[in-house]
Each structure stands twice: as C-alpha cells, then as structure tokens.
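Asks: What follows is a single structure, and I will ask about it in a moment.
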Amino acid sequence: MATLEIRDLHVSVEDKEILRGVDLTVKAGETHAIMGPNGSGKSTLAYAIAGHPKYTVTGGEVLLDGESVLEMSVDARARAGLFLAMQYPVEVPGVSVSNFLRTAVTAVRGEAPKLRDFAKEMRSAMAELQIDPAFAQRNLNEGFSGGEKKRHEILQMEMLKPKVAVLDETDSGLDIDALKVVSEGVNRFRSGDTGVLLITHYTRILRYVKPDFVHVFAAGRIVEQGGPELAELLETEGYEKFTKAGASA
Amino acid sequence: MGLETKPLSTLHEHASYDVDDFVVPTGREEEWRFTPLRRLRDLHKGAAGDGKVIVDVAAAPEVTVETVSRDDERIGRAYVPADRVSAQAYGSFAQATVVTVRKEVVATEPTVLTMRGEGGVAYGHTTVILEPFAQATVVLEHTGTAAYADNVEFVVGDGASLTVFSLQNWASDAVHLSHQHARLGRDARFKSFTVSLGGGVVRIAPSVAYDAPGGDAELYGIYFADGGQHLEHRLLVDHTQPNCRSRVDYRGALQDEDAHAVWIGDVIIRAEAEGTDTYELNRNLVLTDGTRVDSVPNLEILTGEVAGAGHASASGRLDDQHLFYLQARGIPYDTARRMVVRGFLGQLVEKIDVLDLQERVMAAIDEEIAR
Ligand SMILES: Nc1ncnc2c1ncn2[C@@H]1O[C@H](COP(=O)(O)OP(=O)(O)OP(=O)(O)O)[C@@H](O)[C@H]1O
Ligand SMILES: [Mg+2]
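Protein chains in written order, with this note's numbering: chain A, 814 to 1062; chain B, 223 to 593.
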C-alpha cells in the first residue's frame, strides 16, 4: 500500500520562503484536494515533491513508502512512483509525443514495451481521453491548446501508472466536456488503489472527482482540513477568512 | 575569363579571379576576424598544392559528370571569388568536376561526389549546371584529411530545381575553406543542406544570386562543434531581382573546450528587388562551458517594397524546463538531454528528403551527442 508522507516541509524559491511547514499524508485509495488562493504555494508544493531544481527544500521530509525522495533525482522520483501533472506543461520542440511516451514508459517500467503492444496501448488510452490519434506524431505540447495539454498530462499518468499522482490545476482551462473526460481519466486511475493529490481553485472538478479530504492552503501552509463539505463551504464563503488565518499564523 | 573584376555586393565589394587582388589577411579584416588564420596551413598565404583530394563519382543515370581541365569554358562563369583563399583556390586547381543535367531532365537518384582527402594542401573546383526545367539532387561529401580550399558553382536554369547536400565529415585535423555559390534563373528552386560535423577548421560560405524574378532559395545548416573544432558558416543572399524568396535556417550545438561556431548571415535586398520575401535564422545550443559562439545576422534593406523580411539569432543553454519535464516522467538525465538536442537539430534533419541521408545524418548527430 503506497503512502506519500509530507512532514513539516519548508521550501524556498530564490531565498524566499514559500512553504512554511506543510504536513500531509496521502495513502493509496485516498483522494486529497488542496484548495487555496493564487500565490499561496500550491504549485510550489507540487514542484518540490517532483524535485524541480528551482525549489529548495530547507526543512522537513517527503517520504514515499517510508523512503525519502528528497535525495532522489527528478527521474528517480518518477520511477519510484510519483507523478506530477503540471499546471503549465512544457513544450519540447522536435520531440514527438509517441517517442516521448515510449521513452518514459520504458524508463518507468524498466523495459521497453513491444512496439506493437505500445502502439495499441497508446491508441486506446488516447481514445478514452478523446485525443486525436494524430497527436502522437506532433511535437510534445507544441501548439497544443490549454485543454489539449491537460488531457495529455492525464494520458501520461494513465500510461505511467504511478503510485501517487499530484494534479496541479488539471481542471483549469477545460471546458465542461473536457472536464468530464479528464475526470473520468482520474477516476479510472484512482480505482487502481492509488493516491491522488488534487490541487484546484474551484469546486467544479470535485463534483466529478469526489475527494476524501479537503485541505485549505494559505500563505504556504495548510490552515484548515475537513471532508468534501469543506469544499462547499469554500465555494460559498471564499478563501478570505482562511487567508487571514494563514497570514497571522 | 580571369581578369575582370565585378563587385558581388556592398558587403563583399571586392571580387576577382586574381589572388593578387586580395591582400594576405591578418585577422583584423571583417571577413576574417573570426577565423583562426594560424590553423589554415597557409591556404591564405599561397600554400602550394602538394596534397590530394580525390573525387569519386556516383552519378544518377540521367546526369553527366566530367573531369575537365581548368580552361574549360563552363568554369568560373557563375562565380567570381570574393576573398583571397577563394581566389587562391580558383587559380590553383588542376582539374575541375562538371556536373550537367540537360534541359527538362529529371534525375531519378542523387548524384554523389565524394571528396576524399589524402593529406597535404589541395585546391578544387566543382561546377553544377542544371539546364532549364531540370531537376536533380547533388551530394558533396567530404571525408579523409587535407587542407582543402575550393569553389563550387551551382547554375540553376529557368524553372530548374536543385537540391544540394554538402557534408563535412572530415577527419579531425582537416582544414576546409569553401565557397558555394548558386545562381538562380527565373522561377528556379535551390535548396541546400550544409552539414558540418567533422574537421578541425571548416569555413563554408554559401551564397545565392538571382538572375531573374521568381527564384526560391532555402539554405539549411546543421553543425555540431566539439572541443577544438572551428565551424564557420558565412551566408550571403543577394536579392537583386523582384519577387524572389529566401529562407535560411542554421542550427548548431557546441560542446567541450574551445568548440567554436561562427555564423554570419548577410541578406541584401536591393532597390530593384521589390516583393522580396526573406527570413534568416540561426540558433545555437550550448551544451558545456568553454565553447564560443559568434552569430551575426545582417539584413540590408534598400527597398521599401518587401513582402517580408526578418532575421533572428539565439544562442543558449539546454532549457532546464525541457529537461525537468522529461525527467519528471522517469526519463534519465542523459536520455533527456539527448532527446532535447536531437529534437533541436532533428527539426532540420527532418527536412532532408533523401531518406538514407536523413538517417545517416541523424545517426552521425547521435554519435556526436554521445561523445
Ligand atoms: N520560480 C519562481 N521564482 C520566483 N518566485 C516564485 C517562483 N515560483 C513561485 N514563486 C512565488 O512563490 C509564491 C507561490 O507560488 P505558487 O506558484 O506555488 O502559487 P500557487 O498557489 O500555485 O498559485 P496559483 O493558484 O496562481 O497557481 C508566489 O508568490 C510566487 O510568486
Ligand atoms: Mg499554481
């Protein structure tokens, strides 16, 4: 049973402290939603877990199944079972989607899938997410619309089958149909005894992907937690009272 | 032939068949300031041609390839040397290769000239003539070693279409200075790929002139400079005719101590060249410390009526965001780096429409990356 444990995590960007002690445990089979205002540090948390070189961990721990991931390289973390669906997926010129996916799948699974099996797997995963098969030949994220990029993030998650996935605002920029398609992808993924950390601004996606826990993020830490009802409260009352709590804490 | 002097452009005022019309460069001249003269084995100081570069020919069945003496009248008509080494080569070669594609003939396969250096100093000359409406692909592949200076003329007749590959696969001690000049007739198409991977000092100067409206030139270049390698490409596109088009896209990667890449992109749009459409681009990917890039685009517009004119030059490190994205999907650093470099150069390699050449160039790039 996979467990991601974040303990008293402090993270700085360019010598500015952004995360000020985050504690959070995500177990297999659980879906946690993190909600919070712009600039509160949600993406910083996501990037720090993934190991982005710009984010410096100044204190605390991140453990996957009891093992510290902070000493691991970015790619080793992914191979250990962590996945980050990025808020702003990166365009990589000259690298095709299919080449990228095959290389990633090979790295994560430890062996190259047979070309035919892989092609079939990719095609059916793309079909479920209603991605045009022609995208396989396109350059990674290059010229993709916002929604197309997000669907490709979910495609990668489904093919790489991580233990714990962090989804950073995967719902933003999606129209309602795309939101449903993406939510179905997330639900397929979490049916497989995996952990999900869903970062979002809006409760919209939480109607399709029901969280077990909701955490309110403000000024670099979790200031409130509860069940799905907390999301409803945020919807009606906004972040304001929590932001104040975070700032004064 | 041999005596007249005619200016090629405002940027290359001086042109002559006579080497004595050019002073011995000191390295302070604009056109020589990036070139390591000390490593030229005296090609710029009248070195005697004591060595050999052998030309092997594999011609398409529809194409004629001849070895001719220097007084053949077809030689030197399209091009007047624009610098001292070029004039030295012009005055020194013993035999020239002339490739002819007759009117309306379509060559069914590439014509390959392999220039194999066998050491020493050598001079050469190649003239490629496409008569009106002919179509052909010509590959100039340079291997072995030598200090080699040559001139190549491409005469592309009205409505003709020529694709040229110049592959510099020299051994690491070779020195190669080459002028490759194309003259385009009405509605002629010229596409060139310059791929410089091997050689100690390589300085290639592709240039294009238009004799009539409607000409279309695409000049692509791929280079990979390793430690100690000097790879220089000096382009000149001279728009003297209305409604012609040119595209220049040169991309290179550099790694290790004293890898040096130079790219000069001169484009002139003269007063009479209304409706010109031109864009030139140079991008360099710097893979390690200790390398040096000089990239100088220069667009001279002398008319108010252009269809499009632009240039861009950018040199930079591998993008951390690219690497992070690939690594975040489990791809190890070395593989991620290879994918990004391959992607960067591969976008030009993809444009090579001769399949086995495309594969060979990609494989050679892979080898460079792995070094
Ligand atoms: N690379 C960076 N360089 C400088 N400052 C940064 C960087 N990344 C984040 N920050 C700063 O850290 C703070 C938190 O940013 P972060 O992106 O984590 O917020 P967020 O909660 O994800 O916001 P949003 O809802 O807008 O996505 C912000 O003040 C931001 O400006
Ligand atoms: Mg964010």
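For every residue, glycine included, the Cβ atom is placed at its ideal position computed from N, Cα and C.
Any beta-carbon of chain A closer than 8 Å to the one on Asp575(B)?
Replies: By one-based count along the second sequence, residue 575(B) stands at place 353. No - not a single Cβ of chain A is within 8 Å of the one on Asp575(B).
Asks: Under the criterion of a Cβ to heavy atom distance below 7 Å, does Glu982(A) qualify as lining ligand 2?
Replies: Position 169 of the first sequence, counted from the start, is the residue given in the question as residue 982(A). True, at least one ligand heavy atom lies under 7 Å from that Cβ.
Asks: Measuring straight from C-alpha to C-alpha, what distance separates Glu1045(A) and Arg1034(A)?
Replies: For the purposes of this step, residue 1045(A) is taken as residue 232 along the first sequence, with counting starting at 1. For the purposes of this step, residue 1034(A) is taken as residue 221 along the first sequence, with counting starting at 1. If you take the alpha carbons of Glu1045(A) and Arg1034(A), they lie about 20 Å apart.
Asks: In whole angstroms, what separates the C-alpha of Ala932(A) from that of Arg951(A)?
Replies: Indexing the first sequence from 1 puts residue 932(A) at position 119. Indexing the first sequence from 1 puts residue 951(A) at position 138. So the alpha carbons of these two residues sit roughly 15 Å apart.
Asks: Consider the C-beta atom of Lys829(A) and the heavy atoms of ligand 2; say whether any pair is separated by less than 7 Å.
Replies: Counting from 1 along the first sequence, the entry for residue 829(A) is found at position 16. No.
Asks: Give me whichever residues DSSP pairs with Ile276(B) in a beta bridge.
Replies: In the second sequence, residue 276(B) corresponds to position 54, counting from 1. According to DSSP, which records beta bridges pairwise, Ile276(B) is partnered with Arg338(B).
Asks: At a threshold of 7 Å, does Gln900(A) count as lining ligand 2 (C-beta to nearest heavy atom)?
Replies: As a working mapping, residue 900(A) is identified with position 87 in the first sequence. Flag set: Cβ of Gln900(A) near ligand 2.
Asks: DSSP beta-bridge partners for Asp575(B)?
Replies: Within the second sequence, the letter at position 353 stands for residue 575(B). None; Asp575(B) has no bridge partner.
Asks: Can you find a heavy atom of ligand 1 that lies under 7 Å from the Cβ of Ser825(A)?
Replies: On the first sequence, residue 825(A) is found 12 positions in, with the first residue counted as 1. No; taking the cut-off as 7 Å, the Cβ of Ser825(A) has no heavy atom of ligand 1 nearer than that.
Asks: With a threshold of 7 Å, establish whether the CB of His1014(A) neighbours any heavy atom of ligand 1.
Replies: Locating residue 1014(A) in the first sequence gives position 201, where the first residue counts as 1. Within the cutoff, so yes.
Asks: State yes or no: is the beta carbon of Leu548(B) nearer than 8 Å to at least one beta carbon in chain A?
Replies: Taking the first residue of the second sequence as 1, we reach residue 548(B) at position 326. Yes, contact with chain A.
Asks: For Glu1064(A), count neighbouring C-beta atoms within 10 Å of its own C-beta (all shown protein chains included) and say buried if the count is 16 or more, exposed if not.
Replies: There is simply no residue 1064(A) to check, as chain A begins at 814 and stops at 1062 in what is shown.
Asks: List the residues of chain B that Ser911(A) touches, going by C-beta distances under 7 Å, in chain order.
Replies: As a first step, residue 911(A) must be located in the first sequence, where it is residue number 98. Within chain B, no residue comes near Ser911(A); the closest Cβ sits about 13 Å away, beyond 7 Å.
Asks: Ligand 1 heavy atoms versus the CB of Gly849(A): any closer than 7 Å?
Replies: Locating residue 849(A) in the first sequence gives position 36, counting from the first residue. Gly849(A): yes, Cβ under 7 Å from ligand 1.
Asks: Does the beta-carbon of Arg539(B) have 16 or more other beta-carbons within 10 angstroms, so that it is buried, or is it exposed?
Replies: Along the second sequence, one-based indexing puts residue 539(B) at 317. By the neighbour-count rule (16 or more Cβ atoms within 10 Å), Arg539(B) is not buried but exposed.
Asks: Consider the C-beta atom of Lys855(A) and the heavy atoms of ligand 2; say whether any pair is separated by less than 7 Å.
Replies: Locating residue 855(A) in the first sequence gives position 42, where the first residue counts as 1. Yes, the Cβ of Lys855(A) comes within 7 Å of a heavy atom of ligand 2.
Asks: Confirm, please, whether the CB-CB distance from Gln390(B) to Val361(B) is below 8 Å.
Replies: What you label residue 361(B) is simply residue 139 of the second sequence in a count that begins at 1. What you label residue 390(B) is simply residue 168 of the second sequence in a count that begins at 1. Cβ atoms of Val361(B) and Gln390(B): not closer than 8 Å.
Asks: With distances taken Cα to Cα, identify the nearest neighbour of Asn504(B) among Tyr472(B), Gln569(B), Arg411(B) and Asn520(B).
Replies: As a working mapping, residue 504(B) is identified with position 282 in the second sequence. Answer by Cα proximity: Tyr472(B).
Asks: Using a C-beta cutoff of 8 Å, does Asp888(A) count as contacting chain B?
Replies: Taking the first residue of the first sequence as 1, we reach residue 888(A) at position 75. Chain B, which has a Cβ nearer than 8 Å to the Cβ of Asp888(A), makes this yes.
Asks: Output needed for Val999(A): all residues of its chain with C-beta closer than 6 Å, excluding positions within five of it in sequence on either side, in chain order.
Replies: As a position in the first sequence, residue 999(A) is number 186, starting the count at 1. Only Val1022 meet the Cβ criterion.
Asks: Name the DSSP bridge partner or partners of Tyr445(B)?
Replies: Here residue 445(B) refers to the residue found at position 223 when the second sequence is read from its first residue. Beta-bridge pairing links Tyr445(B) to Ser418(B) and Gly474(B).
Asks: Within 7 Å: the Cβ of Gly852(A) and any heavy atom of ligand 1?
Replies: Here residue 852(A) is taken as the residue at index 39 of the first sequence, counted from 1. The answer is yes for Gly852(A).
Asks: Is Lys867(A) near ligand 1, judged by its Cβ being under 7 Å from some heavy atom?
Replies: Counted from its first residue, the first sequence places residue 867(A) at position 54. Yes, since a heavy atom of ligand 1 falls inside the 7 Å radius drawn around the Cβ of Lys867(A).
Asks: Can a CB atom of chain A be found closer than 8 Å to the CB of Asp542(B)?
Replies: Your numbering for residue 542(B) matches position 320 in the second sequence. Yes, because at least one Cβ of chain A sits closer than 8 Å to the Cβ of Asp542(B).
Asks: Quick one: using the 10 Å Cβ neighbour count with 16 as the cut-off for buried, is Asn954(A) buried or exposed?
Replies: One-based indexing of the first sequence puts residue 954(A) at position 141. That one is buried.
Asks: Tell me whether Asn465(B) sits in a helix, a strand or coil according to DSSP, three-state version.
Replies: Indexing the second sequence from 1 puts residue 465(B) at position 243. Coil.
Asks: Could you tell me which chain B residues have their CB closer than 8 Å to the CB of Arg892(A), listed as they occur along the chain?
Replies: In the first sequence, residue 892(A) corresponds to position 79, counting from 1. Going along chain B in sequence order, the residues near Arg892(A) (Cβ under 8 Å) are Gly552.
Asks: Where do the ends of the beta strand (DSSP E) carrying Arg820(A) lie?
Replies: On the first sequence, position 7 is the one that residue 820(A) refers to. Its beta strand (DSSP E) spans residues Thr816 to Val826.
Asks: Which runs of the beta strand (DSSP E) fall wholly inside the region 939 to 1020 of chain A and span at least 3 residues, in chain order?
Replies: As far as the region 939 to 1020 of chain A is concerned, its whole beta strand (DSSP E) runs of at least 3 residues are 977 to 981 and 1008 to 1013.
Asks: For Asp1030(A), which three-state DSSP category applies?
Replies: The residue labelled residue 1030(A) in the question sits at position 217 within the first sequence. The question names Asp, yet the displayed sequence has Phe at residue 1030(A). Correct three-state label for Phe1030(A): strand.
Asks: Relative to the C-alpha of Gly497(B), which residue among Gly474(B), Gln463(B) and Ala475(B) is closest?
Replies: Here residue 497(B) is taken as the residue at index 275 of the second sequence, counted from 1. It is Gln463(B).
Asks: To the nearest angstrom, how far is the alpha carbon of Leu259(B) from that of Ala281(B)?
Replies: The sequence position of residue 259(B) within the second sequence is 37, counting from 1. The sequence position of residue 281(B) within the second sequence is 59, counting from 1. Computed Cα separation, rounded: 36 Å.
Asks: Shorter than 8 Å from the beta carbon of Gln969(A) to some beta carbon of chain B?
Replies: Here residue 969(A) refers to the residue found at position 156 when the first sequence is read from its first residue. Interface residue, yes.
Asks: Label Asp293(B) either buried or exposed according to how many other C-beta atoms from any shown protein chain fall within 10 Å of its C-beta, with 16 as the threshold for buried.
Replies: Walking along the second sequence from the start, residue 293(B) turns up at place 71. Label assigned to Asp293(B): exposed.
Asks: Please return the same chain residues whose Cβ sits closer than 6 Å to the Cβ of Arg890(A), not counting the five positions on each side in sequence.
Replies: Walking along the first sequence from the start, residue 890(A) turns up at place 77. Answer for Arg890(A): Gly864 and Val882, listed in chain order.
Asks: With the cut-off set at 8 Å, would you say Ala382(B) and Glu353(B) are in Cβ contact?
Replies: Numbered from 1 along the second sequence, position 160 holds the residue referred to as residue 382(B). Numbered from 1 along the second sequence, position 131 holds the residue referred to as residue 353(B). Closer than 8 Å, so yes.
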